[in-house]
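**Student:** Line by line, the protein sequences are chains A and B.
Per our numbering, the first sequence runs over residues 72 to 274.
Per our numbering, the second sequence runs over residues 72 to 274.
Note that the Cβ used here is the ideal one computed from N, Cα and C, for glycine as well.
I'd like to ask you about the structure that follows.
Number of protein chains: 2
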Amino acid sequence: MAYNKTEKVLEKQALRRKRIIKAAKEILLEKEEIGKVSVRSIAKRAGIATGTFYLYFADKESLLDMIVKEIYEELLDKIKEARSTYTNNFDKLQASMEVCIRLFLKEKYLAKILLEQFPQLNSTLNTKYADIEADLIRLTKIDLDELIEEGAIPQQDTQVTATAFVGTFRQVILSWVGKGEPEDLELAYQTLMEYNMRGIGRK
Amino acid sequence: MAYNKTEKVLEKQALRRKRIIKAAKEILLEKEEIGKVSVRSIAKRAGIATGTFYLYFADKESLLDMIVKEIYEELLDKIKEARSTYTNNFDKLQASMEVCIRLFLKEKYLAKILLEQFPQLNSTLNTKYADIEADLIRLTKIDLDELIEEGAIPQQDTQVTATAFVGTFRQVILSWVGKGEPEDLELAYQTLMEYNMRGIGRK
DNA sequence: CCATGAACTGAACTTAAGTTCAGTCCATGG
DNA sequence: CCATGGACTGAACTTAAGTTCAGTTCATGG
Chain A
72 MAYNKTEKVL
82 EKQALRRKRI
92 IKAAKEILLE
102 KEEIGKVSVR
112 SIAKRAGIAT
122 GTFYLYFADK
132 ESLLDMIVKE
142 IYEELLDKIK
152 EARSTYTNNF
162 DKLQASMEVC
172 IRLFLKEKYL
182 AKILLEQFPQ
192 LNSTLNTKYA
202 DIEADLIRLT
212 KIDLDELIEE
222 GAIPQQDTQV
232 TATAFVGTFR
242 QVILSWVGKG
252 EPEDLELAYQ
262 TLMEYNMRGI
272 GRK
Chain B
72 MAYNKTEKVL
82 EKQALRRKRI
92 IKAAKEILLE
102 KEEIGKVSVR
112 SIAKRAGIAT
122 GTFYLYFADK
132 ESLLDMIVKE
142 IYEELLDKIK
152 EARSTYTNNF
162 DKLQASMEVC
172 IRLFLKEKYL
182 AKILLEQFPQ
192 LNSTLNTKYA
202 DIEADLIRLT
212 KIDLDELIEE
222 GAIPQQDTQV
232 TATAFVGTFR
242 QVILSWVGKG
252 EPEDLELAYQ
262 TLMEYNMRGI
272 GRK
């Protein structure tokens, strides 16, 4: 005599699921160390009992997993959107980087979670995070390879330069998240972009 | 009637202390996650009882603290030494970076511990690690400021460019530690250095 | 070679986090 | 408005790590 869930219940459950994710993100922001984010604290913040958490997520890792995925997809979507408005490969590359910076600064929690918290994890998740960095490097490399083909930048080991390129952004964004943005953000942003444009040898 | 320790005992204790540090470094290398490095496992590896650990270090954090300090001092010493053989500021900057790369690649454990393991820590230690990165950036910034004063590179926000500079090295070294060095290391190293030299606008 | 005190030991204590589950509450459908 | 089964609860269980300490071993100096 299994009964069917009504729309209302389904909505309530979806909301609860979202609340759990939101609570987790909030706590990830507050805690210095990702290890300190406990299921108990997430449940408490979300206003549910500890056990209820496990009705929504198989385990703690599943939740964190989902959060990484969500954030990264949001980032990729915005990058894709920004790139679509340009045809020139320089512009596309710059647009991608601009999106990263602006998104991470606007939503510092994204930066903190993605650049600070998740790299602290081991196991499956850390691998997943490394994959994201590797992915961004891969995407950058594609752009650089195309620029070389066009003759817009000199021949170079794009694996190395793409890695360096991404490295500058990671380091600079993290420094801004950590100790506050510079007074003149636009100037700083431009400095960074020029650094990399010169770095790849833009003619 | 307190008795005096003989030389033999003092040596044995010094050795034991070193063994504990060595054991900890070894385990730091093996474990993906620094949190998995337990006092028990360190003691076992060092061939002592768990409790004995606490006769040599106040607590686990003291040991890790000491390890960071040791590694960082080793790095700074080598940098200082390498710099002393040059007078030109470009050469000094390049020498510093070359030392970092060569040291981290030669002793991958240093890179893994300093760039991968310690950033995973929270609290005091993480702060200490952040201090090291900040310190390297600070040192780089000094070089850049001098180069600007000499007119060797154009005016720029050296806080940003120094951060970017260090970021490229961190990212590239970590990628090499993670998935193996490139076939032609010299070439890759040169690529990275050129990237940064162009980046800072070397004339 | 013994008395003393320092070094060492590892089991026990403490704390904290992930996970489970018997009992309770609540929505459904008759 | 009840009987049923799913949702929810939070105390209890499990595991694992840091730390302590009573008992044991060892080194010293007489």
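Measuring straight from C-alpha to C-alpha, what distance separates Glu152/A and Cys171/A?
**Tutor:** Cα-Cα distance, rounded: 12 Å.
**Student:** Against chain A, with Cβ distances strictly below 8 Å, would Asp162/B count as a contact?
**Tutor:** Answer no: the Cβ-Cβ gap between Asp162/B and chain A never drops below 8 Å.
**Student:** Alpha helix (DSSP H) containing Tyr180/B: first to last residue?
**Tutor:** Residues 179-182.
**Student:** Pop quiz: Arg116/B and Ala94/B are said to be a contact at Cβ under 8 Å. What is the actual Cβ separation, rounded to whole angstroms?
**Tutor:** So it is a contact: roughly 4 Å between Cβ atoms.
**Student:** Are at least three pairs of beta-carbons, each pair with one atom in the segment 251-266 of chain B and one in the segment 228-236 of chain A, less than 8 Å apart?
**Tutor:** Verdict: yes, contact present.
**Student:** Can you tell me which of the three DSSP states Thr198/A falls into?
**Tutor:** Of the three classes helix, strand and coil, the one that applies to Thr198/A here is helix, per DSSP.
**Student:** What are the start and end residues of the alpha helix (DSSP H) that includes Ala233/B?
**Tutor:** Residues 229-250.
**Student:** List, in order along the chain, the chain A residues whose C-beta lies closer than 7 Å to that of Gly106/B?
**Tutor:** What Gly106/B touches in chain A: Gly106.
**Student:** Under the assumption that Val110/A contacts Thr121/A (Cβ atoms under 8 Å), give the Cβ distance between them as a whole number of angstroms.
**Tutor:** Sure, about 6 Å apart at Cβ, within 8 Å.
**Student:** Which of helix, strand or coil does DSSP assign to Tyr260/A?
**Tutor:** DSSP places Tyr260/A in helix when its eight states are reduced to three.
**Student:** Out of curiosity, what's the CA-to-CA distance linking Gln188/A and Lys79/B?
**Tutor:** For Gln188/A and Lys79/B, the distance between alpha carbons rounds to 47 Å.
**Student:** Let me see if you follow: with CB-CB separation under 8 Å, is Asp228/A close to chain B or not?
**Tutor:** Yes, its Cβ sits closer than 8 Å to a Cβ of chain B.
**Student:** What is the residue span of the alpha helix (DSSP H) that Phe189/B lies within?
**Tutor:** Unbroken run through Phe189/B: none, as it is neither H nor E.
**Student:** For my contact list, Gln208/B and Leu181/B are in at a C-beta cut-off of 8 Å; report their separation, rounded to the angstrom.
**Tutor:** Reading off the sequence, residue 208/B comes out as Ile, not Gln. Wrong, their Cβ atoms sit about 19 Å apart, outside the cutoff.
**Student:** Using CA coordinates, which residue listed in Ala233/A, Trp247/A, Tyr200/A is at the minimum distance from Leu135/A?
**Tutor:** Among Ala233/A, Trp247/A, Tyr200/A, the Cα nearest to that of Leu135/A belongs to Tyr200/A.
**Student:** Could you tell me if Lys96/A is buried or exposed, where buried requires 16 or more neighbouring beta carbons within 10 angstroms of its beta carbon?
**Tutor:** It counts as buried.
**Student:** Rounded to a whole number of angstroms, what is the C-alpha to C-alpha distance between Gly238/B and Asp214/B?
**Tutor:** When rounded, the distance between both Cα atoms is 16 Å.
**Student:** 8 Å is my cut-off, CB to CB: does Leu256/B come that close to chain A?
**Tutor:** By this cut-off, Leu256/B is not an interface position.
**Student:** To the nearest angstrom, report how far apart Val243/B and Thr234/A are at their CA atoms.
**Tutor:** Cα to Cα, the separation comes out at about 6 Å.
**Student:** So what does DSSP say about Lys278/B, is it helix, strand or coil?
**Tutor:** The question about residue 278/B has no answer, for chain B in this structure spans 72 to 274.
**Student:** Examine chain A for any beta-carbon lying closer than 8 Å to the beta-carbon of Glu135/B, and answer yes or no.
**Tutor:** The sequence given here places Leu at residue 135/B; Glu does not occur at that position. Not one chain A Cβ lies under 8 Å of Leu135/B.
**Student:** Strictly below 9 Å CB to CB, what residues from chain A border Arg241/B?
**Tutor:** Near Arg241/B (Cβ distances below 9 Å), the residues of chain A are Gly238, Arg241, Gln242.
**Student:** Leaving out the 5 sequence neighbours to the left and right, which residues in its chain are closer than 6 Å to Asp216/A when beta-carbon positions are compared?
**Tutor:** The answer, listed in chain order, is Thr229.
**Student:** For Thr232/B, would you say it is in contact with chain A, using Cβ-to-Cβ distances shorter than 8 Å as the test?
**Tutor:** Yes, its Cβ sits closer than 8 Å to a Cβ of chain A.
**Student:** Given that Ser109/B touches chain A, what residues does it touch there, using C-beta distances under 9 Å?
**Tutor:** None at all; the shortest Cβ gap to chain A is about 14 Å.
**Student:** Heavy atom of the ligand ZN less than 7 Å from the Cβ of Ala114/B, yes or no?
**Tutor:** This structure simply doesn't include the ligand ZN, nor any ligand for that matter.
**Student:** Starting from Lys107/B, trace the alpha helix (DSSP H) both ways and give me its first and last residue.
**Tutor:** Segment: none, Lys107/B is in no alpha helix (DSSP H) and carries neither H nor E.
**Student:** Can you list the residues of chain B that Leu263/A reaches, using a CB-CB cut of under 7 Å?
**Tutor:** Those are Val231, Ala235, listed as they occur along chain B.
**Student:** So is Arg209/B in contact with chain A if we call contact Cβ pairs under 8 Å?
**Tutor:** Arg209/B does not count as touching chain A.
**Student:** Taking 8 Å as the CB-CB cut-off, is Tyr125/B touching chain A?
**Tutor:** False, the Cβ-Cβ gap to chain A never drops below 8 Å.
**Student:** As an exercise, report each continuous alpha helix (DSSP H) stretch of at least 4 residues that is fully enclosed by the segment 121-162 of chain A, in chain order.
**Tutor:** Counting only runs of 4 or more, we get 121-127, 131-155.
**Student:** On the three-state DSSP scale, how would you describe Asn75/B?
**Tutor:** DSSP places Asn75/B in coil when its eight states are reduced to three.
**Student:** Grouping DSSP H, G and I as helix and E and B as strand, with all else coil, what is Glu254/A?
**Tutor:** Residue state, collapsed to three classes: coil.
**Student:** Going along the chain, which residues of its own chain have a beta-carbon closer than 7 Å to the beta-carbon of Thr123/B, five neighbours each way excluded?
**Tutor:** Ala114, listed in sequence order.
**Student:** Just to confirm, are Arg241/B and Leu186/B a CB contact at a threshold of 8 Å?
**Tutor:** For Arg241/B and Leu186/B, yes; Cβs fall inside 8 Å.
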